Structures are given as structure tokens and as C-alpha cells.
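*Asks:* Dropping the structure in here first, questions after.
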Amino acid sequence: MWLDFLRRIENATFPLTVTDQQEIEGVEQLMAALLITAAVAPLSVGKETRGQRSPAIVIGITGEGRKLLAKYRSRSVSE
């Protein structure tokens, strides 16, 4: 789940450049859920790109993203 990625970047210095292709998909998922703000280039199709994407730039974690992280943390502590 992309929550693991969100947890990993929780204390990152923003803006954060993401180059891993799977993590870029995670950035898109978290953006769609309004948990982070980021800039992601559209997927280019062509011989030159071979399905590779340009890096995504995570600008920050939204208030909702921070709430979710806090909820996850409090749940982990109580278990």
C-alpha cells in the first residue's frame, strides 16, 4: 500500500525528487487521495522513453496526509 511510501517521506525535506518508477505511481495515488501535493509529468510513449517516466516532485504532505499518518501512528502504538 502507498501508506508505506507516505510514512517513508513523512520527515523528508521537501521538495523531494522521486525517480523510482513504482514510487512515481505511488505519488500519483497519494495525489489522487489528496494526501500529498506533487508535480508528475504525464507518461510519455515512444522508443526513446521505453516506458520510463520523468521524476516526480513531491512538494509536501497535506493536512489530510498528516492526519492519516497520526492516526496510523496512534493505532500502531496501541497494538
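Going left to right, the sequence shown walks through residues 186 to 264 as the numbering used here numbers them. Don't be surprised by glycine CBs; every beta carbon is placed ideally from N, CA and C. Owing to the predicted nature of the structure, the values given are computational and were not obtained by experimental measurement.
1) Is T204 near I221, with beta carbons less than 8 Å apart?
2) Using the Cβ count rule (16 or more neighbours within 10 Å means buried), how would you classify F138?
3) Look at the alpha carbon of L201 and the alpha carbon of R260, and state the distance between them as a whole number of angstroms.
4) In this structure, does DSSP put L215 in helix, strand or coil?
5) Tell me where the beta strand (DSSP E) around L201 begins and ends.
*Replies:* Based on what the coordinates show:
1) Position 19 of the sequence shown, counted from the start, is the residue given in the question as residue 204. Position 36 of the sequence shown, counted from the start, is the residue given in the question as residue 221. Contact: no.
2) In this structure the chain extends from 186 to 264, so residue 138 is not present and cannot be described.
3) Stepping through the sequence shown from its first residue, residue 201 is reached at position 16. Stepping through the sequence shown from its first residue, residue 260 is reached at position 75. Going from the Cα of L201 to the Cα of R260 covers about 27 Å.
4) Here residue 215 is taken as the residue at index 30 of the sequence shown, counted from 1. Residue state, collapsed to three classes: helix.
5) Position 16 of the sequence shown holds residue 201. In the DSSP annotation of this structure, the continuous segment of the beta strand (DSSP E) that includes L201 starts and ends at L201 to V203.
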